[in-house]
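This report refers to the structure that appears directly beneath it.
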Amino acid sequence: MAKTEILHFSIGDEFGMRIMEIAQEQLVYNNDPVKALRVITDSLIGCPVDLAVKILKGELVLPVDMQSQQVICTERQDGIHDKFPRIDPIDFINRQAESIKLHGGYILEGLEELQNMVMKGRGFYTVDYHYEDLFKFIAGNDEVLLEELRDNR
């Protein structure tokens, strides 16, 4: 039988700020709004998604009441909550543009390589595939195949 112990800990005054930062990083850097919202809803049990969206956008902030050790959700007030993160839409758009340029370059390289292969094959290009992988791709169960393709760039 496993022995259990009791652990007591307290949260720091920047706990809510860190949750907001981690969630916004999932959105801005990883372009994953689902994970961004999960950071908030999993960290703040019972937080509804519509409230999590406002927290993610920075409309609401999460200060900590150090005496009660509770995270409080409140509207952002300029001057008081300036340290809390807020998504910068211009920075977000610039990051997206850079990502599109980068991935567009990969796509262009791939298309040029394919064009060269077709020209070398006098208008033909043979593709080898496994039926099982093809069916997984069509069925939407293709994560392993997509990872393999990503690894072979």
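Start counting the sequence shown at 1; every next residue gets the next number (the numbering used here).
C-beta atoms are modelled at their ideal positions from N, C-alpha and C, and glycine is treated no differently.
These numbers come from a predicted model, not from an experiment.
Each of N116, D133, E75 was checked against the Cα of Y125, and the nearest Cα belongs to N116. H103 and E25 have their C-alpha atoms spaced approximately 20 Å apart. For V118, the enclosing alpha helix (DSSP H) has its first and last residue at 89-120. When secondary structure is reduced to three states using DSSP, L62 falls in the coil class, being assigned neither helix nor strand. Here the C-alpha atom of A52 lies approximately 40 Å from the C-alpha atom of E109.
Contact annotation: V64 and Q70 have beta-carbon atoms nearer than 9 Å.
DSSP, reduced to helix, strand and coil, places V71 within a strand of the structure shown. In the assembly as shown, I72 is an exposed residue. Its beta-carbon has fewer than 16 other beta-carbons within 10 Å. Look at V39 here: in three-state DSSP terms it is helix.
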